[in-house]
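S.K.: Here's a structure for you.
Number of protein chains: 4
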Amino acid sequence: MGMVGGGPGSFIGIVHFNGAVLDGQIDLVCGAFSSDPDKSKITGAEYYLDPDRAYGSYQEMIEKEKELPEGERMDFLCIATPNHVHYDPARLALENGFHVVSDKPLTYSTEEAEKLVKLVEDTGLIFAVTHAYTGYPMVKEARKLIRDGGLGNIRKIVVEYPQGWLTEFLEGGDSIQAGWRTDPSRSGKAGCMGDIGTHALNLAEYITGLKVVELCADLTTFVPGRKLDDDGNVLVHYDNGARGVLYASQISAGEENDVNIRIYGEKGCIKWHQMEPNTLEIHWLDKPIEIRRAGNSYLSAIADYNCRLPFGHPEGLIEAFANIYRNVATCIQHRLAGTAPPEEALDFPTVYDGLRGMQFIDVLIESNQSDKKWTEFKK
Amino acid sequence: MGMVGGGPGSFIGIVHFNGAVLDGQIDLVCGAFSSDPDKSKITGAEYYLDPDRAYGSYQEMIEKEKELPEGERMDFLCIATPNHVHYDPARLALENGFHVVSDKPLTYSTEEAEKLVKLVEDTGLIFAVTHAYTGYPMVKEARKLIRDGGLGNIRKIVVEYPQGWLTEFLEGGDSIQAGWRTDPSRSGKAGCMGDIGTHALNLAEYITGLKVVELCADLTTFVPGRKLDDDGNVLVHYDNGARGVLYASQISAGEENDVNIRIYGEKGCIKWHQMEPNTLEIHWLDKPIEIRRAGNSYLSAIADYNCRLPFGHPEGLIEAFANIYRNVATCIQHRLAGTAPPEEALDFPTVYDGLRGMQFIDVLIESNQSDKKWTEFKK
Amino acid sequence: MGMVGGGPGSFIGIVHFNGAVLDGQIDLVCGAFSSDPDKSKITGAEYYLDPDRAYGSYQEMIEKEKELPEGERMDFLCIATPNHVHYDPARLALENGFHVVSDKPLTYSTEEAEKLVKLVEDTGLIFAVTHAYTGYPMVKEARKLIRDGGLGNIRKIVVEYPQGWLTEFLEGGDSIQAGWRTDPSRSGKAGCMGDIGTHALNLAEYITGLKVVELCADLTTFVPGRKLDDDGNVLVHYDNGARGVLYASQISAGEENDVNIRIYGEKGCIKWHQMEPNTLEIHWLDKPIEIRRAGNSYLSAIADYNCRLPFGHPEGLIEAFANIYRNVATCIQHRLAGTAPPEEALDFPTVYDGLRGMQFIDVLIESNQSDKKWTEFKK
Amino acid sequence: MGMVGGGPGSFIGIVHFNGAVLDGQIDLVCGAFSSDPDKSKITGAEYYLDPDRAYGSYQEMIEKEKELPEGERMDFLCIATPNHVHYDPARLALENGFHVVSDKPLTYSTEEAEKLVKLVEDTGLIFAVTHAYTGYPMVKEARKLIRDGGLGNIRKIVVEYPQGWLTEFLEGGDSIQAGWRTDPSRSGKAGCMGDIGTHALNLAEYITGLKVVELCADLTTFVPGRKLDDDGNVLVHYDNGARGVLYASQISAGEENDVNIRIYGEKGCIKWHQMEPNTLEIHWLDKPIEIRRAGNSYLSAIADYNCRLPFGHPEGLIEAFANIYRNVATCIQHRLAGTAPPEEALDFPTVYDGLRGMQFIDVLIESNQSDKKWTEFKK
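Residue numbers (my numbering), protein chains in the order written: chain A, 1443 to 1821; chain B, 1443 to 1821; chain C, 1443 to 1821; chain D, 1443 to 1821.
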């Protein structure tokens, strides 16, 4: 693969790299790690790249790679840039026949997202979006249980994503991460809700198969001087009549990265916490609590497919990323071989999930500015 | 004390009894345990009462007890009946000079609650309401920390009260508890939100000293045939600008009684779970997590005052009730002696907390029926 | 009941009181709370006793109470004194027809314990010993599961009792508790192992029904100047071939009172922690972990019998004490009525458990002084 | 690197691979994955190796790789075979100038281990042993705290390693893992204690810097037909006077892989559980419990050096392996460059740790067969 972004000060570029190479199917062969060609070379050297393939821009990378013989050139582009530099590299990659793995949220605006969807449909290329929390095996176990009706009809969903790292005005200092994420010109319409609220939505909808149909949002900017929301609490209605709460926050001081979800059906509920990802709790209405753990033989086939290690040997977020990358790589290999990939390999977030995240941001902003209680989430 | 309610099928009467007698200051001396005099006698015998003081009605009890010499007659009335039988025994007790400890919510309607407030003010009698979760020592520790500014300015409060016991249509069977709690003629305007949502409000306001000023409620009745809400999700604004989520549910299948609260300030947050009540988590912005445990010498004086046992010897809900009863008994003793009770003994929920709970129910119902996003919580 | 001990500076006297009165079956009617008659009167007044029944010695109490008419005099004696003052009050009570509830360890020496066993057998009186951790409902649930063969043949038992409160030389200061517990003339042959090691043995044998047949002890006195062991690690062999580890410690700095046990059979294991007593974990060989919680309808009858509150309403150590007292009271009531108590009421630790604890201390001391690996635990 | 072992049915080979490649410093360039050359080719293809470098034996691999030009040939050998095939590949690699990363226990016998130590000393080559649990950042945090005297003098160490996967006679079936690990001709003198007991020893000594000086072992073979110990409980004395318990078990039904350690000093204790590796508990004598979490800025430099992700983004066992591999790779790079590696990179288990593990096995076996309580652990 080739990477755009991921240069000095990046957080997520290295995670993409770790996840991509973990299973040995994928090598990083080129990159445009920075808009400064010298910095790009330095990062390329840290990855032991051929210096000729540490490019000064993604435009150059895509152009040059395309000229290389098949088998030598990159097979797909990994996009690990800030939000405002998602669309154009993705577009250019697709137009030149490269598959794409992009970080989230999909783009800077919904308009861009819609264009990407069209391009993916027109080109037939593979497009993954790293809503990586859905790569965890126990999330897949929860999904399987619920999709199979194991909890009965779903009534309530509580999905929470508290972080505390933006409790203070970090964008006033030299934090690259805080800088672009709180800057409307680079992040988009939303701050916290775009950055992590979209993960919460994706997690809830991925596991249950339900869709949010209307919501009531209360977004706040707590930190003086900040330009985008840093906290948002949302009441949510789903398409089957289920209701719930969704919240995301980056000013929840003392929280690390505690994405968690509880889903209540008529027979019981599941609880999952990303910070202890190898455990899935199932609380039954009239039976003892059941704790399922990664790596056990009693898990569903799809959960098992996404575990690397035997029980009791913890896996983490890099492995969740790797599950997405492994599926993408498997799909690309089958595409190259002209064969159909196994069902399990198709299980990764796509451009459609990305689009839905962008639409969610729009609805949140609209609801937040409205005096009406409910704002429709139109598809 | 004397008790009204608490007969066969009651849940909370025995808890009041256990809490009242635990520390040896209070004896149960009489009761009107049931509107059926025979049943009242049977319950009285189970409590080893003098049969003459197991009355057939609270009216009879108050009348007869008043005739007994001081020192022999009951000092106060404990009300452990369904909501619609809170007001009248309380009124009668106050009018006849008896102090009152009442279960929550305070009354069937806000109008009744306002009358009780006036009666309490007119008589100067002691009136406690058993929002018992505030009786836990670690709740008091959290309160002390926050009131002293330990977390800085409070920004966000998440208070949740999920239960699952009304997941099915129990009121169709022989469950006395489900029966009256889901019956508008006995429970009041609200079901779940009155029964346990008021606890959530009380917990949040007790710990922080903040007041809810407006809210947006989404109440639902999930179980077919049920007449009152069994789930409610609420967005909340507090008087200092803090925001948050408050929810209560009785259809969260698999949940037992998981009242929990997270309060975020500028310096960190606290987390407390009622089901493990002896632990208080404090997560700091830039420091390791701190876990304070009941019974330790490092706790504040007020927390220490409410612990009975040394560290590592768990206390539970009965002890939380007992903390309220101990304070009430201490206040009554000082009243009898003509002395001022110690500051610590004044720390129990009063008729004003009860009134606030009733007003909260009104605002929830109003908001739920409104298309407007925000409904004011007028004091 | 009447109490010996429990005066100023006592820790366990008040816990006995709380547990005894909690359920309303038992009143404290008299006491010899201190060897100083004035102090005894003061404590008696704190318990609202008739001043005439706050005696200056247990001898006086037993003599005077015996002269009172049946129905008025105490029914049984509660012994809450240091170990060296267990035997004589117990003996005198039994000789005068009073039942006994004694704290643990049973006596100062095994010789005294054997005499008490004989006296109990000769008099036929009821004699309970407050190994209170076996009063918890989830301990009883574990016992039922294992006794019914739910885990298959038991292979391994790990029982741990770490405390840290004697990490420093407290007996050099004014700590009454540290004073007598580390003093061979009041505590007996063993310090930590007598005080809490006996609880660990009792817990393991109570749950499994197995008996220790030989052991290898490594006792240590870590704190300079201390006269008795403050830590002990023991390898243990049980009568069915099971093996395990038993340890107790009072110098495990940072530990509160973390009695816990893991029992492994061929099909799975149970784990129970006293500090979160309402939870029982069952880990199965090939199935998800199962968490049973107090108050649920799926529990065994004997666990249910020992729960007061519905699920999610925590009970603690006082309630575990109360379960023993309730059983004792029920047995006494049936004895008075000439009827047979229900099976469940017989489930409390007796003088035989007390004797076994004293023998355990002897074997530990013998093993610790021996160069041989294994020392037999003769019955 | 080149790998010996790791073919079909292997568990640990792939973990070595994942850990080695994660950070991009190391490529797998060759392997002798199976003693069957065809199987070796198949595994090589799965790793996308040049077919010419998927060798039929480690002898062939070492010979052929040595002939390749520097920069092209493997830099070091990874040994992921059963115990009886550790020594000879290691010896051959060292004799031919290759560095080595070997799985544990170091060898089949202590004699072999001693020879390897000598060879390492003679050649000056780098030799790492994958006691990977010491690769976790929070283990390093604990080590730093304790080595700096943060807990005061260490008094007690409890290290436990329960697994349940050999509860039944799996070696009677087709489990490759169970087969060789319970076979004295391939595993060595010890079963469970060699396989995982050595990890427990390494963890305790690594963190504390203390050395076991004598011990008392009780090893058992519970499963009928099994040829080696499947459970062992050990009393332990350390060189500073600390005492403790060490146990390992593979018949603890229901346990996954719960390596955990508690270390008690005069000021408090640490607790660490491998199954939740990103958390380190510190329980202080007189202060609230402190929870340190991976990824936070308050951690020591050495812990920080071993974290990849920001707080709240869990890392697991592969990352712990990767920390060892990263250090080895860094040391090799500096060796090639003729420079001194940074201090942090020297922090990995070496051939001396491996030797100590082998000696530990000898002492355990000797103690287990002895009637004496204590057996000396001679260095």
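Glycine residues also receive a C-beta, built at the ideal position from the N, C-alpha and C atoms.
Identify the continuous alpha helix (DSSP H) that holds N1720(D) and give its terminal residues.
M.R.: Counting along the chain, N1720(D) falls outside any alpha helix (DSSP H), and DSSP gives it neither H nor E.
S.K.: With a threshold of 8 Å on Cβ separation, who are the neighbours of K1709(C) within its own chain once the five nearest residues in sequence on each side are excluded?
M.R.: Closer than 8 Å at the Cβ level, and outside the excluded window around K1709(C), lie G1592, L1593, G1594, W1726 and L1727.
S.K.: Just to check my reading of the structure: L1797(D) and M1635(D) have Cβ atoms closer than 8 Å, yes? What is that Cβ distance to the nearest angstrom?
M.R.: Wrong, their Cβ atoms sit about 16 Å apart, outside the cutoff.
S.K.: With DSSP as the reference, identify every bridge partner of K1814(D), one or two as the case may be.
M.R.: For K1814(D), which the question treats as bridged, DSSP gives the partners K1814(C).
S.K.: Helix or strand or just coil, what does DSSP make of G1796(D)?
M.R.: Note: G1796(D) maps to helix in three-state DSSP.
S.K.: Quick check on A1487(C): buried or exposed, where buried means 16 or more other Cβ atoms within 10 Å of its Cβ?
M.R.: A1487(C) comes out exposed.
S.K.: Let me see if you follow: with CB-CB separation under 8 Å, is H1679(B) close to chain C or not?
M.R.: Judged by the 8 Å Cβ criterion, H1679(B) is not in contact with chain C.
S.K.: Which partner residues does G1674(A) have in the DSSP bridge list?
M.R.: Paired residues: L1661(A) and A1690(A).
S.K.: Mind checking which residues open and close the alpha helix (DSSP H) that includes E1761(C)?
M.R.: Run containing E1761(C): L1759 to A1779, per the alpha helix (DSSP H) assignment.
S.K.: Please check the pair I1760(D) and N1525(D), which I expect to be a contact at CB under 8 Å, by giving their CB distance rounded to whole angstroms.
M.R.: Actually they are not in contact, since the Cβ atoms of I1760(D) and N1525(D) sit about 22 Å apart, beyond 8 Å.
S.K.: Helix, strand or coil for K1653(A), going by three-state DSSP, please let me know.
M.R.: Three-state DSSP puts K1653(A) in coil, outside helix and strand.
S.K.: Taking CB distances under 8 Å as the criterion, tell me whether D1728(D) reaches chain B.
M.R.: At least one chain B Cβ lies under 8 Å of D1728(D).
S.K.: Only counting the same chain, and skipping five residues up and downstream in sequence, which positions put a Cβ closer than 7 Å to that of K1552(A)?
M.R.: Strictly speaking, residue 1552(A) in this sequence is Thr, with Lys absent from that position. Taken in chain order, the residues that qualify are M1800, Q1801 and D1804.
S.K.: For the structure I just gave you, are there three or more beta carbon pairs, one from the region 1648-1663 of chain C and one from the region 1671-1686 of chain C, closer than 8 Å?
M.R.: Yes, the region 1648-1663 of chain C is in contact with the region 1671-1686 of chain C.
S.K.: May I ask which residues mark the beginning and end of the alpha helix (DSSP H) holding E1537(B)?
M.R.: That run of the alpha helix (DSSP H) goes Y1529 to E1537.
S.K.: Please state whether DSSP places Y1648(A) in a helix, a strand or coil.
M.R.: Y1648(A): helix per DSSP, three-state reduction.
S.K.: Give me the Cα-Cα distance between Y1680(A) and L1652(A), rounded to the nearest whole angstrom.
M.R.: The alpha-carbon atoms of Y1680(A) and L1652(A) are separated by roughly 6 Å.
S.K.: G1737(C) and G1754(C): beta carbons closer than 8 Å?
M.R.: Result yes, Cβ atoms of G1737(C) and G1754(C) sit closer than 8 Å.
S.K.: For E1514(D), which of helix, strand or coil comes out of DSSP?
M.R.: E1514(D) falls in the coil class under three-state DSSP.
S.K.: Hey, could you find the ends of the beta strand (DSSP E) S1629(B) is sitting in?
M.R.: Counting along the chain, S1629(B) falls outside any beta strand (DSSP E), though it belongs to the alpha helix (DSSP H) covering P1626 to S1629.
S.K.: Could you tell me which of K1598(B), C1711(B), D1478(B) and A1532(B) sits nearest to G1683(B), measuring between CA atoms?
M.R.: For G1683(B), the nearest C-alpha among the options comes from K1598(B).
S.K.: Give the single residue among F1518(A), Y1550(A), D1671(A) and V1665(A) whose Cα lies nearest to the Cα of T1772(A).
M.R.: Closest option to T1772(A), Cα to Cα, is F1518(A).
S.K.: Using the Cα positions of T1640(C) and T1792(C), report the straight-line distance between them to the nearest angstrom.
M.R.: Approximately 14 Å, taken between the alpha carbons.
S.K.: State yes or no: is the C-beta of L1464(B) within less than 8 Å of the C-beta of L1491(C)?
M.R.: In this structure, L1491(C) does not lie closer than 8 Å to L1464(B) by Cβ.
S.K.: From which residue to which residue does the alpha helix (DSSP H) around N1460(A) run?
M.R.: Unbroken alpha helix (DSSP H) run through N1460(A): I1454 to V1463.
S.K.: For W1607(D), collect the residues of the same chain with a Cβ closer than 7 Å to its Cβ; drop the 5 residues on either side in sequence, then sort them by chain order.
M.R.: Excluding residues within five positions, the ones whose Cβ falls inside 7 Å are Q1692.
S.K.: Does the beta-carbon of A1782(C) have 16 or more other beta-carbons within 10 angstroms, so that it is buried, or is it exposed?
M.R.: Exposed is the call here.
S.K.: Say whether the region 1739-1753 of chain A touches the region 1579-1590 of chain A, bearing in mind that this needs 3 or more beta-carbon pairs closer than 8 Å, one atom from each stretch.
M.R.: Verdict: yes, contact present.
S.K.: Under DSSP, the alpha helix (DSSP H) around P1479(B) begins and ends at which residues?
M.R.: Element bounds for P1479(B): P1479 to E1488.
S.K.: Any Cβ of chain D within less than 8 Å of the Cβ of T1721(C)?
M.R.: Cβ-Cβ to chain D under 8 Å: no for T1721(C).
S.K.: Which residues does DSSP list as the beta-bridge partners of M1445(B)?
M.R.: Paired residue(s): G1473(B) and C1520(B).
S.K.: Looking at chain A, is there any beta carbon in it that lies within less than 8 Å of the beta carbon of R1734(C)?
M.R.: Cβ-Cβ to chain A under 8 Å: yes for R1734(C).
S.K.: Evaluate S1476(A) with the Cβ neighbour count: other Cβ atoms within 10 Å of its Cβ, from every protein chain shown; 16 or more gives buried, anything less gives exposed.
M.R.: With 16 or more Cβ atoms within 10 Å of its Cβ, S1476(A) is classed as buried.
S.K.: T1565(D) and G1447(D) look like a contact to me (Cβ under 8 Å); what is the Cβ gap, rounded to whole Å?
M.R.: Contact flag wrong, Cβ pair sits at about 22 Å.
S.K.: Can you tell me whether S1544(D) is helix, strand or coil according to DSSP?
M.R.: Strand, per DSSP.
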